[in-house]
Every structure is written in C-alpha cells, then in structure tokens.
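What follows is one structure encoded as structure tokens, with my remarks underneath.
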Amino acid sequence: MALTAVTALAALSACANGGGEAGAGAAGATGSKTIGVLLPLSGPNAALGSEMLAAARLAVTGSVSRAVGPQGHGAQGGAGNNPGVLQIDAHDTATTGGAAAAMQAALASGDGIILGPLTGADTGQISAMARQAGTPMLAFTSDVAQAQPGVWILGVTPEQQVDRLVSAAQAEGRRQFAAFLPDNPLGRALGEALSRSCQARGLAPAQIVYHATGADAITTGVATLSAYQSRVDAANGAASSASDALPPDLAAALNHPPGATSAVAAPKPLDGSDDTASSSGAQSTASGAVATPAATAPAELAAPPFDALLLGDTGLALKSTIDALAANKVTRDKVRIMGPGLWAAFAGKLGGLAGAWYAAPDPANRRAFVQAFLAQTHRTPKPLADLAYDAGALAGAVNTATGGAGYPIAELTRQQGFAGVDGVFALTPDGRTTRELAIFEVQTGGGSRLVSAASRRAAPAPGAS
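Heads up: the sequence shown begins at 1 in my numbering, then just goes up one per residue.
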C-alpha cells in the first residue's frame, strides 16, 4: 500500500513538474539555488512546523534524507549535498529575531525562493524584505491582506470559498445574496468576499449583517435581515383583504373554525426535526419590537428578501443562528444556505442545516499524499502540510522549467497552474492564489456529500489582475 501511495504521489509531482522527475530539475546546472523554508521549528508550534517542513521535503526531493537544513532540523547530508539536486534550506521563525532574522539568513544563503512563513503577521513583517531582494515568497497564510506582487498567499482563503459558492448558487438560479456573519475578522473577510463576488458577476449588491456575540443579538439580526415582521404583516394583510370580501359570518368561521386556537404551530428547524423549544420563543423583529412567530405568523409567509444566505459562525453561535432561521421561517425550500469550509471539520453535527453548502478541497484528492507522508514519517499529516507540499512541488516545477536558472514571475504565474495535493492551483500576478474547490452539501442525519466536484483546471478569480 505504501509503495502504491508513493508511486501515485510521484506521478502528482511529475505532473506539477511538467513531466520531469521531482527534485531533478537542477540536474547538470552549476550554482543551483536552494529553496528557503521559513517555519516555526521550535516553541509551541514546532510540531506543526516540522510536519510542514517534512511535506516540503517530500515534494522537492522525494526523500527526507536528500534535503539539507540547519543542524538539528533534519540536515542529513548524503545526496542533499550534491549541487545538482534541488535542496531545502530551513530556517526557524520561532527563535530570537523571529521571522525577520530567519528571512535575513535565507537571503544571505542565496535562497532563490522562500516557502513560508506560517502566519499573516510574520508575512507582513518580512514581505518588504522579499520584494526588495527580488526573491519570490509563497506564504502559508490565508490572510489576503498580505497578497501583493511577488508575495503569494497559499492558504485556502474566504475569497476562494465564497466565490466558488456564489458561482454554484448562481448556476442554480440564485440571484439575491445575503450574509449573516459574526463581527470578527473571519466574518468581515467573508462579507467582503461576497460583495466582491456579487459585483464581479453582475449580481445585485449583497445584503450583509454582522452580529455581536450572544443569542439575543443573533435573534434580532436574523429577524431584521429576513424582514420577518414585514412578511408577517404582508401575509396578515392579504388574509384580511380576502376575509373582507366574504360575508361576516363565513369569514369568522373560516378564520376561527370550531375547536381551533388563534396560535399557529411554530416552524420546524431546517432539518425537519421537532425542536419546539428552540423555535417557539420570542423573536426580535426588524423594527426592534418583539414578536412571537408561533403566535403571530400566518401559516405561510413570503420568501425572505434573498434566495441565498452566507453564514460564518461555528459552535454555539451557529446553533443560535440555526434556531433563529427556523423561527423566522428562513427555510431551505426558499433559501440556499452556505457556509465556510470550516464546517467540514464538524459536518456530522450540522443536521440542522441540512441542504446547506460549503466549499472546500475534496479530501479524496489528498489520499495519495497522506499515504506517502505516512510511509515517510510514520504519522498522518495535518491539512496545513498540504500547502507546504504544494509550495515545494511548485518550486520544483519552476526549477525544472527554467533549467535551474531561477523563478521568473511569468513561470510562477503560468496560466495552466500546478498540480497540488488538493487539486489544481495557480498564482496570479497580484499575489493571490486560485484554487478549484468542491461543493459539499450537509445531510439531514449529519455529515456531507459531494455535490459538485472541483474543476480540473484553475481559472482566474473574478477581478484578479
């Protein structure tokens, strides 16, 4: 099994390298530049940093023993000392001086391309150094604010996820987009991404509400965004108009049949389960007054003023949001609910959002990498290791294409992109990365299923330069 996995991963690297052997692109070249890798190799994130370094080595050399690095971080000599083999030069961002000191050491060593650092903060600290030196940097952060020419963001970003969701929802006929998001950096990033994607696709401006922490704020926010009270008033007005056209005794009989009460049954949660406690409580209205859907809502309400809704919460806040959506009759038959790729980690607990979508890499694509990494290191890689492998594969591909002569922008941003662990990805001239993500749908009993596979080719993101 391990041999099969390594063979499959070698084929992936060969695809990324345009058909050449991974790690052999500099063969025969003199003065071949090394690949600088900047990661936390000590301190609290040392385990993650070491795992990502191992993944980068696997991509570049096909064998951990062929990589070179500082003493204590896997410098093992052997074939790695051969100047004809592409080499890795690792630097610890967790020591004295942090990312800046690690970057200075990498540039002093003549590294031709930098893989890392891990965080957006470290990237912001050293990006100017990379640009001044003319050395391309592939950072592992998903903070799009750090993207700029010469400094690429490799993480799976909110921008990538949202654009994939909007594209898929538009394809099924959705035209009015809205978002109900936490007022935090992730929520703001998702909201900005939704605005940009709708604008780029010629859609109406998205309605976006950012909510504070707490069930009350969520209840009020959902009622406001969904125009709940206006929908109730409109439905009651329509019912009254119909009754006015009937004889008084007949209208009274229809409105209050024998044995009936004036209250309407509370709406059910999105998964169709019986959750009376969560859906029968008082809900805040758009005007700020409090309305109780179970007592005031007619049996049928018009659809909310949107047909696709982006959420961004997790944990207890997401549960409160699910309850508020049910109480305010934002139902899956009228609205496509969408969310972040973070939902993939706990999709088994999202039965209350059955029918909702999220965009994420297809885990089936990384099986060969997982098995090969396990064979090399005897442990299963974390998802961030995928980025390190992709960065190493890209460096090897460009090194092959240029015959070891460097990493020109034109080759780094080649239109066909690169074959990565999670699928095809491509760098754009403005420092962003396009990734082909899959769409998954949450199931009634929990878990998710693939409903739209990732494209086999990367395409420029809307608005990318």
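C-beta atoms are modelled at their ideal positions from N, C-alpha and C, and glycine is treated no differently.
Fair warning: this is a prediction, and the values are worked out from it, not measured in the lab.
Could you tell me the alpha carbon to alpha carbon distance between residue i and residue j, rounded to whole angstroms?
i    : j    : result
S455 : T380 : 26 Å
Y358 : G348 : 13 Å
A426 : G116 : 17 Å
D390 : V166 : 26 Å
S320 : T224 : 15 Å
S168 : D362 : It is worth fixing the name first, because residue 168 is Ala in this sequence and not Ser. Distance between the alpha carbons of A168 and D362 is about 16 Å.
G447 : L309 : 20 Å
G352 : L181 : 18 Å
R231 : A302 : 6 Å
M137 : M103 : 10 Å
D92  : G49  : 9 Å
G28  : A405 : Low confidence applies to G28: its pLDDT is 27, below 50, so where it sits in the model is not reliable, and the reading given next is rough at best. About 11 Å.
R540 : G431 : Nothing about residue 540 can be read from this structure; the chain reaches only from 1 to 465.
L58  : F369 : 9 Å
N328 : L194 : 23 Å
A55  : A385 : 6 Å
G214 : A401 : 54 Å
L41  : Q146 : 22 Å
G392 : V60  : 5 Å
Going by Cα to Cα distance, which pick from the options is closest to residue i?
i    : options                : result
L39  : L186, Q415, T141       : T141
G417 : T220, A395, A193       : A395
L387 : L53, G36, E300         : L53
G355 : A101, N45, R449, I113  : R449
A438 : R414, D422, D111       : D422
T314 : A145, A55, G187, T434  : G187
N184 : V209, A171, R174, R336 : V209
M129 : A106, G221, L118       : A106
V442 : P340, T413, P408, V398 : P340
A139 : A234, V37, V60, A94    : V37
G112 : T434, T413, T433, N399 : N399
I35  : P44, N45, L86, A46     : L86
D89  : G98, S109, G97, T95    : S109
W152 : T433, A453, F440, V451 : T433
E436 : T444, V424, P429       : V424
G124 : G134, A100, T135       : A100
A179 : Y407, G173, S197       : S197
Could you check what DSSP says for residue i in three-state terms: helix, strand or coil?
i    : result
G78  : Per-residue confidence for G78 stands at a pLDDT of 30, beneath the threshold of 50, marking its modelled position as unreliable; the derived number appears in the next sentence. Here G78 sits in helix by DSSP.
E51  : helix
L350 : coil
F177 : strand
V398 : helix
E411 : helix
F373 : helix
G445 : coil
A342 : As written in the sequence, residue 342 is Leu, which differs from the Ala given in the question. The answer is helix: DSSP assigns L342 an H, G or I state.
L310 : strand
P182 : strand
D89  : strand
V232 : helix
R131 : helix
A368 : helix
V330 : coil
A405 : coil
G43  : coil
L203 : coil
D143 : coil
If you follow the alpha helix (DSSP H) that residue i is in, where does it begin and where does it stop?
i    : result
D163 : 158 to 171
A317 : 315 to 327
S448 : Careful: S448 lies outside any alpha helix (DSSP H), inside the beta strand (DSSP E) at 448 to 452.
E192 : 185 to 200
L102 : The sequence shown places Ala at residue 102, rather than the Leu named in the question. It spans 98 to 108 - the alpha helix (DSSP H) in which A102 sits, taken as one unbroken run.
Name the DSSP bridge partner or partners of residue i?
i    : result
I113 : I35
I218 : Paired residues: none, contrary to the question.
M137 : I114, V151
L427 : T433
I439 : A359, S452
Terminal residues of the continuous beta strand (DSSP E) containing residue i?
i    : result
R336 : 336 to 339
R435 : 433 to 435
F418 : 418 to 420
Q207 : 207 to 211
A359 : 357 to 360
Following a CB-centred definition, is residue i positioned closer than 7 Å to any heavy atom of the ligand HEM?
i    : result
Q146 : The ligand HEM is not part of the structure shown, which contains no ligands of any sort.
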